[in-house]
Every structure is written in C-alpha cells, then in structure tokens.
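Read top to bottom, the protein sequences are chains A and B. The opening residue of the first sequence carries number 242 in the working numbering; numbering runs sequentially from there. The opening residue of the second sequence carries number 242 in the working numbering; numbering runs sequentially from there. Heads up, the beta-carbon is just placed ideally off N, CA and C, and yes, glycines get one too.
Number of protein chains: 2
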Amino acid sequence: MGGDHGPPVVIAAVARAIAALPGSVSFLLHGDEAAIGAEMAKHGDIADRVQIRHSDKVVGMDEKPAQALRRSKGTSMWNAVEAVREGEAAAALSAGNTGALMAISKLILRMSADLERPALVTSIPTPRAVTTFLDVGANIDCDAARLVEFAIMGEAFHRAAHGVPKPTVGLLNVGSEDMKGHEEVREAHRILRQGGLDLDYRGFVEGDDITRGAVDVIVTDGFTGNIALKSMEGAARFMNGELRNALTSSLPATLGYFLARPALLKFRERMSPPPAAPLLGLNGIVLKCHGGASDRDFAQAIRVAADLARSDFSAEIERNMRRLPAALAVEAPAEGVAAQTVPGEGDAAQGAAE
Amino acid sequence: MGGDHGPPVVIAAVARAIAALPGSVSFLLHGDEAAIGAEMAKHGDIADRVQIRHSDKVVGMDEKPAQALRRSKGTSMWNAVEAVREGEAAAALSAGNTGALMAISKLILRMSADLERPALVTSIPTPRAVTTFLDVGANIDCDAARLVEFAIMGEAFHRAAHGVPKPTVGLLNVGSEDMKGHEEVREAHRILRQGGLDLDYRGFVEGDDITRGAVDVIVTDGFTGNIALKSMEGAARFMNGELRNALTSSLPATLGYFLARPALLKFRERMSPPPAAPLLGLNGIVLKCHGGASDRDFAQAIRVAADLARSDFSAEIERNMRRLPAALAVEAPAEGVAAQTVPGEGDAAQGAAE
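Set out below in structure tokens:
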C-alpha cells in the first residue's frame with residue numbers, strides 16, 4: 242500500500258518478477274483486498290503465485306515513526322514484517338514510510354546486532370560496479386564496535402546482492418594515515434586490522450572513494466553516512482540542472498542535446514538511486530524500496546530480496562558477529578609504541594585533511 | 242613558490258590583479274629572488290607595486306605538516322605569514338602545502354577562536370549563488386561551542402567575500418526536527434537559537450541543502466565537512482566521466498557533443514572548485530589557493546584577500562565572539578519541558594533519517 246503509487250506499481254512489479262524469476266518465488270500481498278484484487282485482475286496469470294492478506298489499516302507516508310508505531314498493529318506494514326517472524330515469508334519488502342518500517346521491524350523482529358536501530362545500506366554507482374555504503378541514516382552515535390558490525394553486515398550483503406565472493410571493505414575517514422580521524426574510527430580501524438574477523442579490510446578511505454569504487458563496501462556512522470549520501474544526491478541534482486541549462490543555452494547546444502538525447506537518458510538512468518535498501522541487523526530480511534519506485538525498480542528490489550533470502554547472508558553475519566567479542570578484547574598497543582611510529586607529531590598529529 | 246606551477250602563475254596573477262584592482266593594492270613576493278625576478282621581467286609595468294623578499298628555503302608540497310613545521314623558519318611560506326603578524330601585509334596568500342600553511346599560521350599568528358587549528362572554509366556553487374561551507378577538514382572533534390564559532394566566522398566571511406549584508410546560517414544535520422542528530426549539534430542549535438548572537442540563524446539543514454542554496458552559510462564539524470565535500474567532488478567527477486562516456490557512445494551523441502561543447506565547457510567551469518579558501522580563526526588573514534590554480538584563479542583569490550582585508554570581517558567576528566560566553570551560559574530547558582514537546586517518542590526519539 243506504500244510508496245508514491247501504491248498497489249498498481251507493486252502488483253505490476255510482482256507480475257514482472259514472476260515472469261523473470263525461477264518458479265520458486267511466491268508472494269503474500271498485505272493491504273486492501275479490493276484495491277489489490279482490482280490490480281491483480283490486470284495480470285491474470287499471477288493468481289496462483291500470490292496470496293492476498295487483507296488489512297484495513299495502513300501506515301501513512303508522513304507519519305512520525307513513534308506515532309506510526311503506536312497504532313501500527315494490524316497495518317499492512319506490520320503484517321508484512323510479522324509474516325517474516327512467523328516464517329511465512331522469507332523477506333518483507335515495502336515502499337512505505339522508512340522510519341515506521343524501521344521501528345516496526347525492530348519491534349517485531351528484534352535486533353541481532355547491538356545497534357540502536359537497523360542500519361540502512363545503499364548502493365552507489367562507480368565506473369566499475371557499485372559501492373555498498375552504510376549506515377545512511379539510522380544510527381547517529383556509533384562506537385567502534387558498531388562500525389565493525391556495519392563492516393560485517395555490509396560485506397555479507399555485498400556478496401549476497403552482487404555475487405562478489407570476497408568483497409573488500411574500507412572505513413570512511415578524512416585521510417588514510419592511522420592517526421587520522423576521531424577516536425571511534427581509529428579504534429574501529431584497529432579492530433578491523435587486528436581482530437581476526439573474516440573480512441578483506443583495506444583500511445581508511447575518503448569521501449571521493451565512494452564513487453571511485455576504491456573498495457566494495459564503505460562503512461561509516463549514520464550521521465556522516467546520511468550527510469554524505471544527501472550531499473552526493475544534491476550535487477548530482479545540481480549538476481543535472483546546470484547541464485540542462487547549458488544544453489538549452491544556445492541553438493547549437495539544443496541541437497546537440499537532441500542528438501545526444503538517447504545517450505543522456507542512459508546516463509541519467511545510470512545515476513538514478515538504487516531500487517532497494519535492506520535494513521541490516523534484524524533477525525529477518527526486510528527491504529525498503531524507495532517511495533517513487535517504478536514497477537521495474539520494484540521488480541529489481543524483489544530480485545534482491547530473493548537473492549538475500551536464498552544466500553547464506555544471515556549465517557555469515559552471525560558467524561562473524563560471534564568473533565566480535567574476541568576482536569574487541571584485542572589490546573591496543575601501548576601509548577609509547579604508538580608514539581614511536583609518529584615521532585614528534587605533537588600539535589599537528591592529526592594533520593590537516595585536504 | 243608553492244602550487245603546481247610556482248612563480249610563473251603567481252606573478253602573472255599579480256599582474257592581472259594590479260590591472261584589475263584599484264591603486265591601493267601592493268605586493269610582497271616571498272621566495273627565490275632570481276626565479277621571481279625572471280618572471281617579473283615579463284610583466285614590466287608591475288615593478289613599482291611589488292617588493293621581492295628573498296628566501297632560500299621553501300616548504301615542499303608533500304611534506305607532512307609536523308615535519309614541514311620543524312624546518313619552516315625562513316621559508317617563503319613562513320616569511321609571508323610573519324609579514325602579516327608584523328603588520329607589513331594585510332593578508333597572506335599561498336598555493337602551497339595546506340597542512341603546513343595551517344600549522345605555520347597557527348604558530349605565528351595564534352588562534353583568536355578556541356579551535357584546535359584554523360577552520361577551512363569553501364564555497365559551493367548553487368543555482369542562485371554560492372554556499373559558504375565550513376569546516377572542511379581541520380577540526381575533527383567539535384563541541385557545540387566550536388560549531389557556534391564556525392557559524393560566527395563563516396557568516397562574517399560570507400558578508401565580506403560576497404557582499405551579502407546579512408547572510409543566513411544553517412547547521413548541517415540528518416533532519417530538520419529539534420531532536421535529530423547527536424548531542425553537540427543539538428546543543429549548538431539551541432545556542433544559535435537562544436544565545437542572542439548577531440546571526441540570522443535558520444536552523445538545521447541537510448546534505449542536499451549544500452548545493453540547493455537553502456541558506457548562505459552551512460556549518461559542520463571538520464570530519465563531516467571534509468567527507469561531505471569530498472563525496473560531492475567525487476560524485477561530480479564520476480558524473481563528468483559518465484557524461485563523457487555517454488557523449489562518445491554513438492556518432493549522433495558525439496556530433497551532439499561538439500555542437501554543445503561551448504555550453505558544456507561553461508558548465509564545467511561553473512562546477513570547478515573555488516580559487517581560494519580562507520583559514521578562519523587566526524589573528525590575521527591567511528588564504529589557501531588551490532595547488533592547480535591558474536593565473537586567473539589566483540588573481541581572483543587575490544581579490545578575495547583584498548576584500549577580506551578591507552572589510553570589517555575581523556572586528557565583526559570579534560564582536561560576536563565576545564557574546565559567546567554569555568550564549569553558552571544560557572540554560573538548556575529542563576528535561577521535563579523537552580520531554581513535553583515530543584511526548585512518548587521513546588525508542589524512536591531520534592527517528593529515522595531519510
């Protein structure tokens with residue numbers, strides 16, 4: 242029932258997914274039975290792969306998470322997540338209110354990691370492939386252990402979603418030297434280096450490495466991640482606007498634009514946001530599809546959900562999470578040793594980040 | 242002597258600036274007398290406005306700040322900043338090593354604000370004008386008072402550099418509600434709201450507001466600012482690369498590209514980084530010009546330096562800084578009051594940021 246378009250897009254996406262995916266995927270559709278039924282009638286051949294679960298109530302797109310949570314029981318969103326807990330569904334997918342989906346998922350499924358709330362991961366295009374980037378918005382205050390949890394979850398997600406056997410992992414910072422950044426990030430760096438986790442950790446990366454594809458998975462706290470993501474989205478929007486202005490600024494430019502139009506449309510599609518972001522750290526698979534998703538986007542999100550459900554994703558996370566207490570217990574080198582590696586840095590120890 | 246090009250660019254820029262600026266601007270050029278003299282011979286009419294101050298030593302572009310600092314006395318960079326302290330120059334400008342310039346400036350001029358090191362400010366293009374954005378790289382751990390200092394300095398800079406009488410100020414966060422973000426940012430928000438500072442503070446802004454131009458000045462800590470800036474630069478570089486690929490992907494697209502080329506070059510120029518960033522919080526005006534600056538960029542940086550030197554910039558900052566202790570002493574509302582404004586938020590109090 243969620244998203245900007247509601248049932249028409251979701252059901253068209255289900256029809257696409259059924260056509261594209263091997264026979265083993267079937268659907269529980271939670272929401273208004275009449276609205277869903279009317280849309281399903283347009284796709285006659287999907288009925289045997291779909292069950293409708295009626296609910297009278299929906300979570301509004303603009304409700305505050307806490308407000309939505311209080312009256313969420315019995316909504317289509319609640320029921321979809323509950324079906325994951327009950328083992329009726331292998332994954333839940335929603336284009337609805339993100340904050341409400343997080344709060345409801347956390348309440349119903351509980352966290353498997355030691356996070357405040359589920360981590361939100363996104364995929365950023367790069368010249369070679371995509372960067373998995375997290376946390377982009379849920380966990381503001383992150384200590385070193387939380388950052389390491391993000392690394393474990395993001396790495397398992399990247400493997401499941403993109404089929405990369407051993408994804409490389411980087412930690413977002415303002416420079417690549419060991420002494421850069423604040424305490425939490427330096428401590429997480431040390432644990433990832435020395436903690437004996439099963440990760441291909443490559444060290445610190447910087448903001449421009451997100452779109453460069455320097456590593457497969459980039460980890461940061463939810464404050465920095467949200468701001469970096471929105472900054473990039475804003476920069477892309479601004480550049481698109483300026484590009485449009487430039488290409489309509491003169492007759493030759495406009496003519497050029499029409500000639501280049503198919504290529505530019507392909508360019509724009511490549512820049513568009515990913516269709517689905519998983520909520521990581523829950524005891525169950527929940528994905529958020531963006532509100533404006535088309536049926537094609539939503540169908541792609543269904544494919545990601547199916548890939549996650551079929552992968553060894555949750556077990557891999559659990560396996561690495563069990564190593565975390567031992568990794569956290571590895572002692573930091575004594576002050577004297579650390580001081581020896583950067584003799585006399587003193588005042589300028591952190592250096593200037595440029 | 243600094244930057245990618247050294248004296249040829251700097252002296253060509255001085256010639257440009259002398260031609261463009263009213264008669265009152267003159268120059269001390271610090272560096273190798275022979276190299277400077279040879280370049281000056283190409284611009285015969287500038288000799289009466291320029292004094293050469295010879296120095297044998299230079300700071301290397303790749304030296305670590307601490308290392309550079311130890312052997313910096315008598316370098317051209319050291320002498321240029323010292324001339325500001327001695328009152329011989331109204332502002333110092335360098336295209337050299339940023340970290341070394343910060344460390345040397347801090348040592349010679351001392352901080353006027355209570356910062357670890359000078360704040361670095363940048364200008365981001367927006368559809369309407371530019372956003373002044375700071376701190377982009379020097380101060381990693383910022384408490385609420387530091388963020389308020391950035392607001393005071395950034396606002397005065399924006400007025401001096403862009404002639405806006407009363408710039409609007411925003412604080413970078415993951416959402417616009419009062420309870421969003423971490424403690425430091427919420428506390429700074431409260432001080433900026435209630436502290437009686439002479440600022441047109443508009444509240445929280447988000448990452449995409451940087452390029453939207455929602456406010457004139459956007460303030461954040463050096464960790465987040467550096468990562469947001471580099472993320473945007475990376476996104477812009479990636480988009481330019483993809484655009485180039487798109488426009489050479491077919492014959493019509495390439496033909497279109499040639500027709501649109503002048504407009505696209507103007508577009509690229511509009512996206513290029515600003516020529517100069519002031520180091521804020523020092524007892525004196527120091528500007529960093531980017532290393533790859535052309536003589537035109539460097540001449541524009543000279544204009545900004547002259548504008549700052551002529552403005553009431555330093556006095557305005559000092560006036561507002563004197564109000565800071567009183568602003569910091571304004572009591573936070575009692576917990577009960579705060580709780581009343583967000584009844585029952587509980588677990589989801591910070592909400593999810595999307």
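- At least 7 angstroms separates the beta-carbon of I349/A from that of V377/A.
- Contact of L505/B with chain A by beta-carbon distance below 9 angstroms involves L484, A487, L488, A494 and G497.
- Following the DSSP letters along the chain, one finds R434/B inside the alpha helix (DSSP H) bounded by residues E424 to Q435.
- Of all residues in the region 414–434 of chain A, only V415, G422 and H423 place a beta-carbon less than 7 angstroms from a beta-carbon of chain B.
- Taking I287/A as the centre and dropping the five residues before and after it, the same chain places the C-beta of V255, A256, I259 and M281 closer than 7 angstroms to its C-beta, in chain order.
- By the CB criterion at 7 angstroms, S335/A and L342/A fall inside the cutoff.
- Shortest Cα-Cα distance from P493/A to any of L500/B, L488/B and A494/B involves L500/B.
- Excluding sequence positions up to five before and after A333/A, its CB lies within less than 6 angstroms of the CB of A321, V322, V325 and V527, all in the same chain and listed in chain order.
- Of all residues in the region 466–484 of chain A, those with a C-beta nearer than 8 angstroms to a C-beta of chain B are N467, I468, A469, L470, K471, S472, M473, E474, G475, A476, A477, R478, F479, M480, G482, E483 and L484, reading in chain order.
- Annotation: D457/A to N414/A spans about 16 angstroms, alpha carbon to alpha carbon.
- Taking C-beta separations shorter than 7 angstroms and ignoring five residues to either side along the sequence, the partners of D384/A in its chain run E425, following chain order.
- For S491/A, the neighbours in chain B by C-beta distance under 7 angstroms run, in chain order, A504.
- Around the C-beta of E447/B, 16 or more other C-beta atoms lie within 10 Å, and the residue is accordingly described as buried.
- Along the region 436–460 of chain B, the positions whose C-beta sits under 8 angstroms from a C-beta of chain A are E447, G448, D449, D450, I451, T452 and R453, read in chain order.
- A397/B has its alpha-carbon roughly 8 angstroms from the corresponding atom of S555/B.
- With a threshold of 7 angstroms between beta carbons, I381/B makes contact with chain A.
- For T373/A, the enclosing beta strand (DSSP E) starts and ends at V371 to L375.
- For L500/B, at least one C-beta of chain A is nearer than 7 angstroms to its own C-beta.
- In this structure, the straight-line span from the alpha carbon of P248/B to that of N561/A is close to 56 angstroms.
- It is roughly 8 angstroms from the alpha-carbon of F464/B to the alpha-carbon of D382/B.
- For T409/A, the enclosing beta strand (DSSP E) covers residues T409 to L413.
- 7 angstroms or more divides the Cβ of T489/B from the Cβ of F479/A.
- Within the model, the alpha-carbon separation for H284/A versus A253/A is close to 8 angstroms.
- Under a criterion of Cβ atoms nearer than 9 angstroms, the residues of chain A adjacent to F464/B are, in order, N414, V415, G422, H423, V426, T465 and A594.
- For K314/A, the closest C-alpha among the options I345/A, A261/A, R387/A and R564/A is that of I345/A.
- With contacts defined as CB atoms closer than 7 angstroms, R290/B and S267/B qualify as a contacting pair.
- Here A354/A carries a coil assignment [DSSP, helix/strand/coil].
- Residues of chain A whose Cβ lies closer than 8 angstroms to the Cβ of T367/B are, in chain order, F479.
- The shortest CA-to-CA distance from R443/A to any of G466/A, H423/A and A392/A is the one to A392/A.
- In the three-state reduction of the DSSP assignment, A501/A falls in the helix class, which pools H, G and I.
- Going by DSSP, H295/B is part of the beta strand (DSSP E) stretching over V291 to H295.
- When Cβ-Cβ separations below 7 angstroms define contact, F374/A makes no contact with chain B.
- Between A487/A and L505/B, the CB-CB gap stays under 7 angstroms.
- Take K298/A, set aside five residues on each side of it, and the residues of its chain with a beta-carbon closer than 6 angstroms to its own are G315 and T316, in chain order.
- D441/A is bridged by DSSP to T409/A.
- Shown in chain order are the members of the region 286–318 of chain A whose Cβ falls below 7 angstroms from a Cβ of chain B: K305, P306, A307 and L310.
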